[in-house]
């Protein structure tokens, strides 16, 4: 059975239109990738944004020697993750989904996203699920993946907040 975890990125004093517009902007994604490169090799494979929505594809490389010991027992080379995010067209609420492909991996990772207004701004809620088919280690690896995802989402949310603050100061 897959493990699940929710993460909410809150953007006080920001509208869904502002956050969605940032997600359509290549400079915003470049800023995210630049921050992530401080931790490991990361690249933007592609960004397509238009009236029908947003699709972005990212590549994250996690060097094997930086993985926890438990993960190194299963992963025998650098872990290359291709993450694809899709968001629907802009509206009062925007929904999307993501998937993470890890070639040769004994599991799956993905989830849904929902961008919606709140009384104080807006929130991007990400609901993730991870499933690893490895006897004895599967549940612990699933939890490890989800905890690391929260760290990734936290960094990305902070970059988005700072990017918006620099371009559109509030107050």
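Residue numbers (the numbering used here): 36 to 206.
Backbone N, C-alpha and C fix where the C-beta goes; we use that ideal spot for every residue, glycine too.
For clarity, every value in this text was computed on a predicted model and none was experimentally measured.
- request: May I have the straight-line CA-CA distance separating residue 117 from residue 155, to the nearest angstrom?
  value: To locate residue 117, count along the chain shown from 1; it is residue 82. To locate residue 155, count along the chain shown from 1; it is residue 120. If I take the Cα positions, the gap works out to 34 Å.
Proximity winner among 142, 53, 122 and 38, relative to residue 198 (alpha-carbon distances): Here residue 198 refers to the residue found at position 163 of the chain shown. Comparing Cα-Cα distances from residue 198 to each of 142, 53, 122 and 38, the minimum goes to 53.
- prompt: Taking just the CA atoms, how far does residue 203 sit from residue 157?
  reply: Reading the chain shown from its first residue, position 122 is the one you call residue 157. Reading the chain shown from its first residue, position 168 is the one you call residue 203. Using only the alpha carbons, I get a separation of about 15 Å.
The region 54 to 66 / the region 120 to 131 touching (three or more Cβ pairs under 8 Å): yes
query: Going by DSSP, what residues sit across from residue 201 in a beta bridge?
result: Locating residue 201 in the chain shown gives position 166, counting from the first residue. In the DSSP output, where bridge partners are listed per residue, residue 201 has none listed.
message: Given a cut-off of 8 Å on the beta-carbon distance, is the pair residue 12 and residue 169 in contact?
response: Since the first residue shown for the chain is 36 and the last is 206, residue 12 is missing from the structure and cannot be characterised.
task: State the Cα-Cα distance for the pair residue 165 and residue 70, rounded to the nearest angstrom.
output: As a working mapping, residue 165 is identified with position 130 in the chain shown. As a working mapping, residue 70 is identified with position 35 in the chain shown. Distance between the alpha carbons of residue 165 and residue 70: 25 Å.
task: Please classify residue 155: does DSSP put it in a helix, a strand, or coil?
output: For this step, residue 155 is matched to residue 120 along the chain shown. The answer is coil: DSSP assigns residue 155 none of H, G, I, E or B.
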